[in-house]
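Working notes, structure below.
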Amino acid sequence: MAHESAVHEALKKHFGHSKFKSDLQEKAVKCAVKKKQDVYVSMPTGSGKSLCFQLPGLMSENQITIVFSPLLALIKDQIDHLTKLKVPADSLNSKMSTKERDRVIMDLKAVRTNLKFLYITPEQAATKFFQDLLQTLHKHNKLAYFAVDEAHCVSQWGHDFRPDYLKLGELRSKYSDVIWLALTATASREVKEDIYKQLRLHQPVAQFSTPSFRKNLFYDIVYKNSIEDDFQHLADFARHCLGNPKEFKDTPKPQRGCGIVYCRTRDQVERMAIGVTKQGIGAVAYHAGLKTGERTEVQEAWMRGDQPIICATNSFGMGVDKPSVRFVIHWDVPQNVAAYYQESGRAGRDGLQSYCRLYYGREDVRSIRFLLQNDAHRARGRGDKELLTERAIKQFEKITEFCERTTCRHKLFSDFFGDPTPDCSGQCDVCKRPKKAEKALEMFHRLCMDDAFKSHISLQDCADLYEGEF
């Protein structure tokens, strides 16, 4: 078929690939190219989600795809990637000089524009200047698609809600003939339905989703009150995940195994990086307290393979695509299941065996619950704000339930996302070692009791529980 051969020719020409990463990716692209209906794509980062709008955009002659993205750093990464492929892409943002801005506008208004992708934040999309620009582009039939990256940000049910995303739905009313492509790595059923509603996608929406189950990821939970030396325990686990030291050294730096350790506060990030480094394994700290240049250098050092571990707050990771992440550790309990799934899912994007560990402690739970309840108290009587804080509390309770149950970790994810129950095949602590998982949880509960230290449980008992088990 001419249509199908054109898609494969464009894939080879622009991206150098002879085939798609998956059948789902291929189907999503071919559907978008037809421009018959709006498209929803939910795939893990690293599975080729961006190509689902980039290839159709490239196949739209003398037209531009408008891409809405939440962060300037994400926009820069995507533009840099496309530039390397010799694909004309640019952005309009508040940090550009007048000269740069004028250059982009001139290109957009040219009779035959060179530009194929214009990246913009939702905040910029709401400005009168941009609205006028869209009208001009639409009048001259230059709009190929509206693509919404990180589409879960539009949903108040989502873990990363951004109010400015809500304004995007207004564009659908103004440009009802332009096809919309909504893309996300993480969305529960209620978030997906909210995306459809808020973006005013035309029904029936073409839906392309991968199940949440990642068969190469091993999930486990370690209870903090059961370990004696925090940094040593974590460093030993990291060494296990990184594998044979000789093979590690013989591998080119950028391809070496590496890991991410998520901590809740900047102070904890700094302490963790120092503590792990003292255990003989290189770690660097990344958080919003560092200057922009410092953050960039830390991230690039980790990407290059100069340091195997990056300790970070959850501000790190969106848009970061490093295939060789062998482990993701959460030193503190995340605020909800969706955030945990997305952050831990940065491991093993190359399909190789990788590990996701959560260190769980009641003190962390009490701290986060206290902060959330304070937010709820301040939001009382403030309509949407009150509703959002109530949802945040409910979502946090789900993650604590996740940690204090002995049910297959993958099943808990699939239930949350509304997927069929997967065949875990021993890819979590509960399914691999059910009796030990039950004993660990029992010890955790006993140690949490007021009279815990009157019992005969010792840290040595707990050490025996985890000995030799990674």
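Using full-length UniProt numbering, read the sequence shown as starting at 1 and increasing by one per residue. Cβ atoms here follow ideal geometry from the backbone N, Cα and C, with glycine treated the same way.
Query: In this structure, does DSSP put THR113 in helix, strand or coil?; Result: coil
Query: Looking at the strands, I want to know which residues DSSP matches up with ARG220.; Result: The amino acid at residue 220 is misidentified as Arg; the sequence shows Asp. Paired residue(s): ARG357.
Query: Taking only the alpha-carbon atoms, compute the straight-line gap between PRO254 and ARG366 and give it to the nearest angstrom.; Result: 39 Å
Query: Got a sec, what are the start and stop residues for the alpha helix (DSSP H) THR136 sits in?; Result: 128-139
Query: What would DSSP say about GLY259, mapped onto helix, strand or coil?; Result: strand
Query: Do THR121 and PHE53 count as a contact pair if the criterion is CB distance below 9 Å?; Result: no
Query: Check whether the Cβ atoms of TYR341 and ALA182 lie closer than 9 Å to each other.; Result: no
Query: If you run the structure through DSSP and keep just helix, strand and coil, what is SER42?; Result: strand
Query: Is the beta carbon of LEU115 less than 9 Å from the beta carbon of ARG101?; Result: no
Query: At which residue ranges does the stretch 130-214 contain complete beta strand (DSSP E) runs of 3 or more residues, listed in the order of the chain?; Result: 143-148, 179-184 and 206-209
Query: Enumerate in chain order the residues of its own chain whose CB-to-CB distance from ASP107 is below 7 Å, with the five nearest sequence positions on each side excluded.; Result: THR113, ASN114 and LEU115
Query: Helix, strand or coil for LEU118, going by three-state DSSP, please let me know.; Result: strand
Query: Indicate whether CYS408 and ILE221 have their beta-carbon atoms separated by less than 9 Å.; Result: no
Query: Under 6 Å Cβ to Cβ from ARG362, same chain only, skipping five residues before and after it: list those, please.; Result: CYS448
Query: Look at the Cβ atom of PHE327, then the Cβ atom of ALA347, and state whether they are nearer than 9 Å.; Result: yes
Query: Candidates VAL29, PHE161 and ARG214: which alpha carbon is nearest ASP419's?; Result: ARG214
Query: By DSSP, does ALA347 sit in helix, in strand, or in coil?; Result: coil
Query: Which residues does DSSP list as the beta-bridge partners of ILE310?; Result: ILE260 and VAL284
Query: Measure the alpha-carbon distance for ARG369 versus GLY289 and round it to whole angstroms.; Result: 24 Å
Query: In whole angstroms, give me the CA-to-CA distance for PHE20 and GLU26.; Result: 6 Å
Query: Measure the beta-carbon distance from GLN78 to SER47 and round it to whole angstroms, keeping in mind my assumption that it falls under 8 Å.; Result: About 15 Å; that fails the 8 Å criterion.
Query: Can you say whether GLN335 is buried or exposed, counting buried as having 16 or more other CB atoms within 10 angstroms of its CB?; Result: buried
Query: When DSSP builds the beta bridges, which residues end up paired with PHE68?; Result: ILE120 and VAL148
Query: Have a look at VAL205 and GLN37 and give me their C-alpha separation to the nearest angstrom.; Result: 6 Å
Query: If you follow the alpha helix (DSSP H) that VAL33 is part of, which residue opens it and which one closes it?; Result: 23-34
Query: Name the DSSP bridge partner or partners of VAL328?; Result: ILE260 and CYS356
Query: Would you tell me roughly how many angstroms separate the C-alpha atoms of ASP461 and HIS287, rounded to the nearest one?; Result: Any reading at ASP461 must be qualified, since the residue scores a pLDDT of 46, below 50, and its modelled position is unreliable; the value itself is stated next. Spanning the two alpha carbons is a distance of roughly 36 Å.
Query: Could you pull the start and end residues of the beta strand (DSSP E) that SER91 belongs to?; Result: 89-91
Query: Can you look up CYS408 in the DSSP assignment and give me helix, strand or coil?; Result: coil
Query: Once the 5 residues before and after LYS30 are set aside, which same chain residues still bring their CB inside 8 Å of it?; Result: HIS3, GLU4 and VAL7
Query: What do you get for ASP429, buried or exposed, if any count of 16 or more other CB atoms within 10 angstroms of its CB means buried?; Result: buried
Query: Would PHE129 and PRO88 qualify as a contact pair, given that the criterion is a beta-carbon distance under 9 Å?; Result: no
Query: Rounded to whole angstroms, what is the Cα-Cα separation between ILE281 and TRP302?; Result: 13 Å
Query: Exposed or buried, what is GLY16 when buried is set at 16 or more other beta-carbons lying within 10 Å of its beta-carbon?; Result: exposed
Query: Within 10 Å of its beta-carbon, does PHE444 have 16 or more other beta-carbons around it, so buried, or fewer, so exposed?; Result: buried
Query: Go ahead and label THR184 buried or exposed: buried means 16 or more other beta carbons lie within 10 angstroms of its beta carbon, across all protein chains shown.; Result: buried
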